[in-house]
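See below for the structure under consideration.
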Amino acid sequence: MILMNAILLTKINHLKDALASDERILALGRAEKAMEEDEEVMRLAYQKDQAETAFNDALRHFGESSTEVKSAQKNLFAAKSILEIHPLVRAYLLAYREVRILYEEINEKLFAPFREHICEVHQ
């Protein structure tokens, strides 16, 4: 059992090291840093957050079909859309998509055998 744990820990460390040096993850880190350091992106994110707060407040105080909620929802959609079309945000979202796909592949390879086995037991 101890040998098996040592082997497993070694493999986990190899995976961790491989992920830390994977270009997709490094690109995501660079894109995130560029986005976080950009004043325009921060301003647009703040405006989106304000619109989101206004929308949530309108939902709490008025009915879902009220003009206040519809107006706040429209403003939130506009603020979010403006933020998402910024080139640095687009670069981040594309890099994030690549990393998400990588993680989904890892998840599938590591845990699919367990899910298949559990499904067989419950049938």
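For the numbering used here, add 93 to where a residue sits in the sequence shown, where the first one is 1.
Idealized CB from N, CA, C, for every residue including glycine.
Treat the numbers as computed from the prediction; the structure is a model and nothing was measured.
I'd like to check one pair, V162 with A151: are the Cβ atoms closer than 8 Å? Looking up residue 151 in the sequence shown gives position 58. Looking up residue 162 in the sequence shown gives position 69. Contact flag set, yes.
Mind checking whether R117 and E191 have CB atoms under 8 Å apart? In the sequence shown, counting from the first residue as 1, residue 117 sits at position 24. In the sequence shown, counting from the first residue as 1, residue 191 sits at position 98. In contact: R117 and E191 (Cβ atoms closer than 8 Å).
To the nearest angstrom, how far is it from the Cα of Y185 to the Cα of L119? By 1-based counting over the sequence shown, the position of residue 185 is 92. By 1-based counting over the sequence shown, the position of residue 119 is 26. About 11 Å.
Ordered along the chain, which non-local residues of its own chain (more than five positions away) have a Cβ less than 8 Å from that of E77? For the chain, the structure presents residues 94 to 216; residue 77 sits outside this window and is missing.
Report back the beta-carbon spacing between A147 and A171 to the nearest angstrom; my notes put them in contact at under 8 Å. The sequence position of residue 147 within the sequence shown is 54, counting from 1. The sequence position of residue 171 within the sequence shown is 78, counting from 1. Going by Cβ atoms, the distance from A147 to A171 rounds to 12 Å, so no, they are not a contact pair.
Using the Cβ count rule (16 or more neighbours within 10 Å means buried), how would you classify A124? Your numbering for residue 124 matches position 31 in the sequence shown. A124 comes out buried.
Cutting at 6 Å between CB atoms, please list the residues of its own chain near L181, excluding the five before and the five after it. Residue numbering aside, residue 181 sits at position 88 when the sequence shown is read from its first letter. So the qualifying residues of the chain are A127, M128, D131, V134.
If you measure between the beta carbons of L137 and H179, is that distance less than 8 Å? Locating residue 137 in the sequence shown gives position 44, counting from the first residue. Locating residue 179 in the sequence shown gives position 86, counting from the first residue. Contact flag set, yes.
Just reading off the alpha helix (DSSP H) that D110 is part of, what are its end residues? Along the sequence shown, read from residue 1 onward, the residue named residue 110 stands at position 17. D110 -> alpha helix (DSSP H) spans 95-113.
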